[in-house]
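S.K.: What follows is a structure written as structure tokens; I'll ask about it next.
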Amino acid sequence: MTDDLIRRGLSRRGLLQTTAGLIGGSMLPAMPAFAEDKPAIGTYPAGVSGSTAFIGISVPRTGTYAVQGEDELKGYQLAIEHINEGHDLIKKISPKTSKGVLGKELKFGVADSAAKPNEAVQAQQRFISENKAIMITGGTSSAVAVALNKLAQREHVLFVCGISGSNDTTGKDCVRYGFRQNFFGQTAAAAIGPVMVREFGKGKKAAYLTPDYTYGHTVTKSMQDFLATAGWTTATNQVAPLGAPDYSSYLLNVANSGADVLINVNWGHDAVLSTQQAKQFGVLDKMKLVVPYQVPFIARETGGLMQGVYAATDYWWTIEDKFPLAKMFNEAFEKKYGYKPEWGAENAYVSFAHWARMCEQAGSFNPPDVIKAYEKGETIPSLVGDVHYRPEDHQCVRPVIIVKGKQQKDMKNKEDWYDVVEIVPGEGLMQKPDAFGCHLGDYT
Amino acid sequence: MISWPNLVSQLFNGLALGALLALISSGLTIIYGTLGVLNLAHGAMFMIGGYAGFVTYQYTESFILAVIAGSLFVMLLGVVMERIIIRHFYHRPHEDQLLVTFGLGICFVEIIRLIFSSQSQLVPPPALFQGITNLGFMFYPTYRLAVVGIVAIALGALFIVLYRTRLGMIVRAGIEDSVMVDSLGINIYRVFMVVFGIGAMAAGFAGIVNAPVVSLTPGIGDDILVQTFVVVVIGGVGSFPGAILGGLIAGEIISVTSMFNPGYAYVMLFAAMTLVLVVRPHGLLGVQGRE
């Protein structure tokens with residue numbers, strides 16, 4: 002679109018939003034002496050030859066995923082702060098961490114991806130070439146995650162994926178240099194599908210609202226595949242572009258489709274807007290709503306429209322009753338930012354904490370060594386109990402949490418939006434590692 | 596297979612969307628027609644109207660006051676913007692105008708984001724228009740029905756100002772030949788200020804009236820800006836009736852295409868715009884010969 006073209010030309014805000022760390026990182030010597038006798042690869046050892054290590058972060062700070070991107074960024078920032086100070090919570094996840102990673106203070110730069118793959122890749126390419134970033138991260142859009150996977154493999158720089166629910170991220174587009182902590186859309190479908198069949202019955206008709214990119218198509222496909230086993234059919238699948246300004250046309254098609262259940266696969270502001278408009282058009286009076294992959298902040302942004310609605314999620318803060326590390330995280334996060342963390346922040350925090358652990362275990366930032374540490378597939382702590390990364394596709398095997406929106410009268414405080422219905426162990430939900438065609442690339 | 600209830604629903608939906616686009620586009624086209632300025636901050640004006648109304652609603656819980664405050668605030672903003680910045684660009688190349696208004700639009704969006712964050716903000720429709728109405732052939736949100744009426748009244752008021760008042764006469768004369776109007780002893784620059792204010796107000800009014808339909812976010816004006824430009828091109832730049840016709844056509848194209856394949860809604864919209872440009876380069880109701 003015209004304004005997008007102009008914006009790109011004018012370079013809106015993202016790339017310039019680097020912290021002081023950017024300057025620090027760029028002043029590193031080009032070819033340093035390094036104690037270890039390992040061949041140079043990617044930004045190693047140049048990026049970690051001084052007293053710091055640089056991380057490139059790209060999150061959407063504008064556009065339909067901006068709210069979730071900001072939450073994710075807060076999770077990254079808290080993790081970096083905790084790693085640099087050797088916080089107790091980080092030590093629970095990465096016991097060898099004292100101050101920084103392998104004694105090096107973490108610095109970082111932030112770029113606004115606007116959830117657009119080319120902007121994220123450009124920003125990360127700069128962090129890699131100018132700042133010698135030793136690790137890059139980003140997501141909130143699976144299209145971005147998939148693009149950064151490819152960049153990471155090409156540049157031999159580790160990509161620790163942020164929010165991304167597509168089956169492709171650690172499926173057909175998986176890479177040796179990429180790791181993902183949050184689960185497949187297929188995993189979400191496998192977790193919430195039985196709950197839906199139990200709640201609504203067999204042989205129902207579903208209408209889908211699907212965002213038009215890898216995340217949307219794969220989640221919808223996974224839901225359709227799973228529900229078909231219980232005799233569910235698809236009444237209509239309405240595919241909308243990211244950031245659609247109005248969902249009324251799609252919702253009229255849904256309203257006239259005769260569906261029993263509306264499965265809203267949209268994410269970010271798209272999910273908020275489409276849910277609000279579904280209410281306006283009376284769709285939610287005609288059919289039940291399900292959000293298969295819960296969207297951070299959707300409950301508060303829709304002003305109560307998630308009441309009684311089932312969703313699969315990575316994290317909900319009330320699980321702190323069962324998981325002590327979740328309690329520590331919630332307290333630290335709330336103290337710093339003034340609200341209960343949602344799963345974007347949790348996902349970001351844990352991803353960095355796991356990366357720090359793997360570097361410490363490898364005893365080096367050397368990418369092949371760090372990758373091999375992940376590939377040991379050890380059981381390691383997270384905020385939602387013990388988890389492990391599968392060596393075959395670099396996907397974290399972790400529980401899925403099923404939540405149901407609380408009625409307003411049952412809310413104990415203003416952030417008590419959901420009941421945790423079930424915590425489904427990850428192992429039984431996972432498809433085989435090669436089910437989506439993953440072939441990891443080379444180490445070098 | 597065409598489902599008739601669905602087709603009628605979508606046609607009606609197109610009318611509602613078209614009315615809104617017509618109102619926003621009329622502001623844009625009046626400014627361009629009179630001042631020759633392509634105001635790329637117009638989408639941001641639409642967004643600010645929504646937020647100004649939202650703040651007013653927070654304090655007063657009155658939707659009517661929110662509409663009044665949203666409109667007036669954006670009108671004031673338009674006047675200030677015209678006095679401080681835009682007037683220096685009347686005789687500059689179009690590229691300069693585009694860049695400066697685009698830059699202002701970005702600044703406005705970021706200021707709003709700084710104040711309100713990116714989280715959606717809700718303005719509920721007035722109690723009178725809440726719920727859903729059964730039209731016999733379909734159910735439709737009552738407030739969206741009301742929007743069609745509200746916008747029609749606003750367009751009517753704008754029509755009266757432009758075609759039945761002395762100011763309107765000067766404005767229309769200014770569109771044709773501003774040098775001649777100036778030489779007749781009318782302070783054309785003061786008129787320009789008023790025109791910019793009125794054009795901005797149309798966007799601001801649309802922003803707050805539309806707020807209960809789409810929840811507010813700082814980026815809400817981005818997409819509407821593109822659609823609005825398409826409407827202006829289809830209808831004919833500088834033509835008030837053209838903006839209304841273009842808005843209605845655009846609304847129907849988006850809605851009806853969405854019934855068959857939503858992904859092609861914008862494709863069809865731009866295809867229609869291209870067709871119009873080929874057949875009638877000045878738009879459907881545009882004035883031929885205007886530079």
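These protein sequences, in sequence, are chains A and B. Following my numbering, the numbering of the first sequence begins with 2 at its first residue and continues without gaps. Following my numbering, the numbering of the second sequence begins with 596 at its first residue and continues without gaps. All residues carry an ideal CB built from backbone N, CA and C; glycine is no exception. All values derive from a computational prediction rather than experimental measurement.
So, is K75/A buried or exposed, given that buried needs 16 or more other C-beta atoms within 10 angstroms?
M.R.: buried
S.K.: Name the residues in the region 252–283 of chain A whose C-beta lies less than 8 Å from a C-beta of chain B; which are they?
M.R.: Residues are counted here when their Cβ sits less than 8 Å from a Cβ of chain B; for the region 252–283 of chain A these are L253, N254, A256, N257, H270, V273, L274, Q277, Q278, Q281, F282, G283, given in chain order.
S.K.: Counting Cβ pairs closer than 8 Å, one from the region 326–338 of chain A and one from the region 276–291 of chain A, do we hit at least three?
M.R.: no
S.K.: With distance defined between alpha-carbon atoms, name the residue in T221/A, C360/A, G429/A nearest to L103/A.
M.R.: C360/A
S.K.: Between which two residues does the alpha helix (DSSP H) holding Y758/B run?
M.R.: 737–759
S.K.: Given a cut-off of 8 Å on the beta-carbon distance, is the pair L243/A and Y214/A in contact?
M.R.: yes
S.K.: Chain B partners of T63/A, CB-CB under 7 Å?
M.R.: G814
S.K.: What residue range does the alpha helix (DSSP H) around V828/B cover?
M.R.: 815–830
S.K.: Specify, as a first and last residue, the run of the alpha helix (DSSP H) that T235/A falls within.
M.R.: Careful: T235/A lies outside any alpha helix (DSSP H), inside the beta strand (DSSP E) at 234–241.
S.K.: Check the Cβ-Cβ distances between W344/A and every residue of chain B, and say whether any is below 8 Å.
M.R.: no
S.K.: Out of G202/A, A67/A, Y45/A, which one is the CA nearest neighbour of A134/A?
M.R.: Y45/A
S.K.: How many Å lie between N367/A and A357/A at the Cα?
M.R.: 13 Å
S.K.: Can you find the residues in the same chain that come closer than 7 Å, C-beta to C-beta, to F180/A, ignoring five residues on each side of it along the sequence?
M.R.: V161, C162, Y375, Y390, H395
S.K.: Any C-beta of chain A within less than 9 Å: which residues of the region 850–864 of chain B qualify?
M.R.: S850, V851, T852, S853, M854, N856, P857, G858, A860, Y861
S.K.: CA-CA distance, M224/A and G217/A?
M.R.: Cα to Cα, M224/A sits roughly 11 Å from G217/A.
S.K.: Does the beta-carbon distance from Y311/A to V421/A come in below 8 Å?
M.R.: no
S.K.: Output yes if chain B places a C-beta closer than 8 Å to the C-beta of F324/A; else output no.
M.R.: no
S.K.: Is there a Cβ of chain B sitting closer than 8 Å to that of Q308/A, yes or no?
M.R.: For Q308/A, no CB of chain B lies under 8 Å from its own CB, so it is not counted at the interface with that chain.
S.K.: Given L306/A, which residues of its chain have a CB within under 6 Å of its CB, disregarding the five upstream and five downstream residues?
M.R.: Cβ within range, chain order: T276, K280.
S.K.: Below 8 Å between beta carbons: does that hold for A664/B and A647/B?
M.R.: yes
S.K.: Look at the alpha carbon of Q18/A and the alpha carbon of A112/A, and state the distance between them as a whole number of angstroms.
M.R.: Reliability fails at Q18/A, whose pLDDT of 46 lies under 50, so the model's placement of it is uncertain and the value that follows must be treated cautiously. Q18/A and A112/A: Cα-Cα distance of roughly 6 Å.
S.K.: Measure the C-alpha to C-alpha separation of I625/B and G831/B and round it to an integer number of angstroms.
M.R.: Between the alpha carbons of I625/B and G831/B lies a distance of about 11 Å.
S.K.: Would you say Q239/A lies against chain B (beta-carbon separation less than 8 Å)?
M.R.: yes
S.K.: Closest Cβ-Cβ distance between D772/B and chain D: below 8 Å?
M.R.: Among the protein chains in the structure shown, which are A and B, there is no chain D.
S.K.: Since Q912/B contacts S250/A with CB under 8 Å, what's their CB separation in whole angstroms?
M.R.: With chain B running from 596 to 886 in the structure shown, residue 912/B is simply not present.
S.K.: Give the single residue among G846/B, I819/B, G837/B whose Cα lies nearest to the Cα of F641/B.
M.R.: Closest by alpha carbon: I819/B.
S.K.: D213/A touches chain B at which residues, Cβ-Cβ below 7 Å?
M.R.: G858
S.K.: Would you list, in chain order, the members of the region 777–799 of chain B that have their beta-carbon closer than 9 Å to a beta-carbon of chain A?
M.R.: none
S.K.: Look at the Cβ atom of A116/A, then the Cβ atom of G57/A, and state whether they are nearer than 8 Å.
M.R.: no
S.K.: How many whole angstroms separate the CB atoms of T234/A and S258/A, which I take to be in contact at a CB cut-off of 8 Å?
M.R.: Contact flag wrong, Cβ pair sits at about 11 Å.
S.K.: Kindly indicate if chain A contains any beta-carbon less than 8 Å away from that of G884/B.
M.R.: With a pLDDT of 49 at G884/B, under the threshold of 50, the modelled position of this residue cannot be trusted, and the question is left open.
S.K.: Rounded to the nearest angstrom, what separates I755/B and F607/B at their Cα positions?
M.R.: Each residue's alpha carbon lies about 26 Å from the other.
S.K.: So with Cβ pairs under 8 Å, would you call A67/A a contact of chain B?
M.R.: yes
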